[in-house]
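Take a look at the structure set out below.
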Amino acid sequence: MSANEAYAELIRRIKEHGLLGSCASMLAWDERTYMPRKGSAHRAEQMALLARMTHEMLTAPEIGRLLAEVEGSPLVREKDSIPAVNVREARRCYDRAVKLPKELVEELARVTARAQQIWQEARQANDFAAFQPWLEKIVHLKRQEAAAIGYQQAPYDALLDEYEPGATTAEITGVFADLRKELVPLVGAIMSSAKHAPHEILERDYPVERQQAFGQKAAAAIGFDFDAGRLDVTTHPFCSGMGPGACRITIRYNSRHFNDAFFSILH
Numbered sequence: 055m056s057a058n059e060a061y062a063e064l065i066r067r068i069k070e071h072g073l074l075g076s077c078a079s080m081l082a083w084d085e086r087t088y089m090p091r092k093g094s095a096h097r098a099e100q101m102a103l104l105a106r107m108t109h110e111m112l113t114a115p116e117i118g119r120l121l122a123e124v125e126g127s128p129l130v131r132e133k134d135s136i137p138a139v140n141v142r143e144a145r146r147c148y149d150r151a152v153k154l155p156k157e158l159v160e161e162l163a164r165v166t167a168r169a170q171q172i173w174q175e176a177r178q179a180n181d182f183a184a185f186q187p188w189l190e191k192i193v194h195l196k197r198q199e200a201a202a203i204g205y206q207q208a209p210y211d212a213l214l215d216e217y218e219p220g221a222t223t224a225e226i227t228g229v230f231a232d233l234r235k236e237l238v239p240l241v242g243a244i245m246s247s248a249k250h251a252p253h254e255i256l257e258r259d260y261p262v263e264r265q266q267a268f269g270q271k272a273a274a275a276i277g278f279d280f281d282a283g284r285l286d287v288t289t290h291p292f293c294s295g296m297g298p299g300a301c302r303i304t305i306r307y308n309s310r311h312f313n314d315a316f317f318s319i320l321h
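Going by this note's numbering, the first residue of the sequence shown is number 55, and it counts up by one from there.
Here's what the structure looks like:
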């Protein structure tokens with residue numbers, strides 16, 4: 055197999071892995087928006103199965119063989135070329151994934167999916183005790199994940215690397231320390247000032263249906279394509295990009311606080 059053929063097969067497999075992952079994203083979006091309450095336990099099993107399947111696809115020995123074949127070829131000689139970047143990212147994901155036991159990946163998906171419903175109900179009832187056991191399970195599993203991946207200083211380094219490759223807890227701590235030096239005095243000066251910005255306009259009665267109509271217009275005005283996405287309600291707002299033509303924005307409305315929904319849409 056030539057390097058070009060190996061690269062084409064690698065990309066085909068990575069695309070399939072991404073497609074299956076987008077199916078899980080769709081189920082996660084449904085769980086947080088429209089899924090009936092009693093569907094939580096079954097959804098957790100669906101998420102666990104998909105997590106195991108995507109993990110098996112990414113960690114297949116053939117992926118490692120294809121990566122090794124392409125990495126030493128002229129195809130990736132230019133480090134900023136599309137093939138070089140694709141191969142580099144595939145290698146990063148593969149090396150991380152092969153360190154994780156599939157049983158751990160599966161259990162993490164199962165527990166976090168089940169915990170989502172418990173958290174929503176606990177939040178509504180202001181009952182932390184109901185969610186605490188699930189939070190403890192998640193922390194325990196994430197510590198196992200960090201240990202499996204490995205780290206030099208802080209366990210969080212291993213988890214942070216998934217979202218900010220190469221970043222460390224020490225670096226992030228430094229960033230916040232620098233911000234604190236400037237922000238704390240600034241906030242103190244604002245709080246002690248005799249001048250106060252009026253905020254009554256943000257905290258009067260805003261009927262949810264009017265907010266919904268305004269939010270739709272605001273999203274369209276800043277370029278959101280409603281033929282390629284949706285705007286729905288959830289407990290904790292998020293944006294999920296499931297693939298081309300399938301972006302999902304979620305928000306929550308507060309009839310006495312205009313900021314909640316409007317700024318979530320803009321964000």
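Even glycine gets a Cβ: it sits at the ideal position worked out from N, Cα and C.
Selection Y205, E110 and A272 evaluated against V152 yields E110 as nearest (Cα-Cα). Cβ-Cβ distances below 7 Å link V124 to A57, A60, Y61, L64, V130 and V141 in the same chain, with the five nearest sequence neighbours on each side left out; the list follows chain order. By the neighbour-count definition (other C-beta atoms within 10 Å, threshold 16), V159 is a buried residue. By alpha-carbon distance to A78, the top candidate from L121, R97 and C147 is R97. Between the alpha carbons of F268 and L73 lies a gap of roughly 34 Å.
Scanning its chain for C-beta atoms nearer than 8 Å, with the 5 sequence neighbours on each side dropped, one finds around E257 the residues R310, H311 and F312, in chain order. I255 sits exposed, since fewer than 16 C-beta atoms from the chains shown fall within 10 Å of its C-beta. Considered as a whole, the stretch 208–275 harbours 209–214, 223–246 and 262–275 as its complete alpha helix (DSSP H) runs of no fewer than 4 residues, in chain order.
Residue range S94 to L112 is occupied by the alpha helix (DSSP H) that includes L103. Assigned with DSSP and collapsed to three states, G283 falls in strand.
A residue is called buried when at least 16 other Cβ atoms come within 10 angstroms of its Cβ; L112 meets this threshold and is buried. The beta-carbon separation of Q265 and A315, rounded to 5 Å, stays under the 8 Å limit for a contact.
Beta-bridge partners assigned by DSSP to R302: R284 and S294.
Spatial neighbours of A224 in its own chain (CB-CB distance under 8 Å, excluding positions within 5 residues in sequence) are listed in chain order as Q207 and A208.
Residue nearest to V262 within the set A300, R306, P115 and R234 is R306 (criterion: CA-CA distance). In the structure shown, the three-state DSSP call for R145 is helix. P187: member of the alpha helix (DSSP H) spanning F182 to I203, first to last residue. Judged by DSSP secondary structure, S318 falls within the alpha helix (DSSP H) whose first and last residues are N313 to L320. By the CB criterion at 9 Å, L285 and T304 fall inside the cutoff. Between the stretch 132–148 and the stretch 164–178, the count of Cβ pairs shorter than 8 Å is below three; the stretches do not touch. Below 8 Å, enough C-beta pairs join the stretch 286–298 and the stretch 81–96 to call them touching: three or more. Here T227 is actually not in contact with D211; their C-beta atoms are around 11 Å apart, not less than 8 Å. Across the set I192, A184, R67 and N308, the C-alpha of R67 shows the shortest separation from the C-alpha of I117. Our two residues, A102 and A273, have alpha carbons roughly 34 Å apart in a direct line.
Taking the CA atoms as reference points, P115 sits about 38 Å from H290.
Distance from P155 to A202 at the Cβ level is roughly 7 Å; contact confirmed, criterion being Cβ atoms closer than 8 Å.
A243 and F317 have their C-alpha atoms some 25 Å from each other.
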